[in-house]
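The letter at position 187 of the sequence shown is residue 617 when you use our numbering, and the numbering goes up by one with no holes.
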Amino acid sequence: MSGLAERRILLGVTGGIAAYKAAEFTRLLARAGAQVRVVMTRAAQDFVGPLTFQALSGEKVHTDLLDPDAEAAMGHIELARWADLIVIAPASADCIARLAHGHADDLLTTICLATESPVAVAPAMNQGMWAHAATAANVECLRRRGVTILGPASGDQACGETGSGRMREPAELVSDCTEVFGPRVLSGHHVLITAGPTLEALDPVRYLSNHSSGRMGYAIAASAARAGARVTLVSGPVQRPTPAGVERIDVQSAREMQSAVATHLEAADIFIATAAVADYRPAEIAERKIKKGDEDGRTLALARNPDILGEACARSPRPYCVGFAAETDTVAENAQAKRRSKGADLICANAVGAGIGFGDVDSTLELFDEHGSVRLGPADKETLARELIMAIAERVRSLTQEQRNKAT
Ligand code: PMT
């Protein structure tokens, strides 16, 4: 039986050329056994007619907030209560903005305001509109409120431009929806995750650090929690809300991170090292602000930081260990070498550099284990995190008893 069988999915369709793909999405949801009810905005109806969705879902399509017939039968409050999940696909920039600002001037936004069910949106718009600071702020606002953002994907656009803003493909959206309902692939597991940068003090006012924003690690923590795991997140200094259902421990330096990880590693059976840990720290932390002298240059003595992932991999028993490899060149080769040298079960390679890898950018992960490699993305980090969690769960599930015994 599919994970969507008998699930009640309310599909919101807004105005955009990708509305035609929502018809295929409806068909796939219905084929997976979901009950689908469709709400269309006025603009959506300029692209595809309600009859198409009625035929595919087998249900009357809802279009008006103030429809006396609908209010007597399935009005906005009933629809909001009926849905196990609300998915808006395609979600236009305007729809995202109105959701972010709590508008309730049409049926779809009113339902979203009234519902207690999870809401997911699949953005679809021109790449410039997606990249605009206003859209970015609206998306971030929704994300912070717990709305799941599905995509968008990158590639050729209907307007002739190329970039990020395409709606995810209908089949991908179906698997996204399946994840919302489970199977809770990490149920019964305890996942320990490191995220963000470390900050290595030089004196009371200066430090060494890097550009990690924590977004990747936090997305992984959120996804693992949604997949049913108990999640402990050891976080370097970042400004991010703690994902729902996640226990967070804040640290600053690599040595603090090492100590927090050591404390929680015993209880964990999966360790995911996403943090960009400084390999070196100043050999001494000056008690007072270091004054500049007359000399031209100055040498900073550095001491090696502990290898937190390496130590976790060397434990016995040890959790299933997942490392990241941030590389500026020869990504695959360096990642494989890192996997072997650290002894990790899986390593996720990603390219980093100016405008690449760190922060709010789409990324690509190449996963290497002893059996080979698989590529995820390019996609936003929440999508990558969901796919990574599925990949980890699959690998952990298929560990043979012999391998388990070896680990213990
Ligand atoms: O936080 P974001 O802005 O979203 O950016 C995400 C990211 C680019 C930071 C992330 O995807 C990533 O690549 N994290 C690992 C960065 C890194 O430190 O890579 P590395 O190749 O230097 O380290 C290899 C692995 O060893 C990593 O799993 C790291 O966590 C771990 N490590 C490294 C050094 C150390 N002293 N202890 C460690 O545990």
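Backbone N, C-alpha and C fix where the C-beta goes; we use that ideal spot for every residue, glycine too.
When you compare each of the options to residue i by their alpha carbons, which one comes out closest?
i	options	result
Thr672	Met646, Val691, Glu696 and Glu686	Met646
Ala583	Glu591, Leu572 and Met597	Met597
Leu459	Glu591, Ala449 and Gly433	Gly433
Gly442	Met559, Met470 and Ser547	Met470
Thr693	Glu763, Ala779, His506 and Ala742	Ala742
Ala716	Ala774, Ile700, Ser665 and Ala631	Ala631
Ala659	Tyr450, Met820, Ala453 and Leu829	Met820
Phe611	Leu572, Ala462 and Thr444	Ala462
Gln475	Glu489, Thr493 and Gly488	Thr493
Lys721	Ala654, Asp633 and Arg685	Asp633
Asp497	Leu537, Ala527 and Ala530	Leu537
Glu800	Gly785, Leu814, Gly787 and Arg769	Arg769
Ala705	Thr456, Ala684 and Glu489	Ala684
Arg574	Trp560, Asp606, Leu529 and Cys751	Leu529
Are there 16 or more other CB atoms within 10 angstroms of the CB of residue i, so buried, or fewer, so exposed?
i	result
Gly723	exposed
Gly446	buried
Val804	exposed
Cys589	exposed
Glu796	buried
Pro627	buried
Glu609	buried
Pro712	buried
Return the bridge partner residues of residue i from the DSSP annotation.
i	result
Glu609	For Glu609, which the question treats as bridged, DSSP gives no partner whatsoever.
Leu616	Its beta-bridge partners do not exist; DSSP assigns none.
Ser594	Ser584
Gln465	Arg438
Met555	For Met555, which the question treats as bridged, DSSP gives no partner whatsoever.
Ser803	Phe798
Val782	Note: Val782 sits in no beta bridge, so no partner.
Note down, in chain order, each residue of its chain lying with its Cβ closer than 8 Å to the Cβ of residue i, except the 5 sequence neighbours on either side.
i	result
Trp512	Arg438, Leu440, Arg467 and Met504
Val635	Lys719
His562	Ala523
Ile526	Val551, Pro553, Thr565, Asn568, Val569 and Leu572
Going by beta carbon distance, what residues of the same chain come within less than 7 Å of residue i, once the five residues before and after it are set aside?
i	result
Val823	Inspection of the sequence shows that residue 823 is occupied by Ala rather than by Val. Val615, Leu616 and Ala657.
Thr540	Leu495, His506 and Ala534
Tyr710	Leu732, Ala733, Arg734 and Asn735
Once the 5 residues before and after residue i are set aside, which same chain residues still bring their CB inside 6 Å of it?
i	result
Gly585	Arg596
Ala473	Gly445
Measuring only from the beta carbon, is residue i closer than 7 Å to any heavy atom that is part of the ligand PLP?
i	result
Ala588	Although the ligand PLP was asked about, the structure shown includes only the ligand PMT as ligands.
Cβ pair count under 8 Å reaching 3, the segment 519 to 529 against the segment 545 to 557: yes
The segment 575 to 582 in contact with the segment 483 to 494 per 3-pair CB rule at 8 Å: no
Cβ pair count under 8 Å reaching 3, the segment 673 to 682 against the segment 727 to 735: no
Cβ contact (3+ pairs, closer than 8 Å) linking the segment 778 to 786 and the segment 746 to 766: yes
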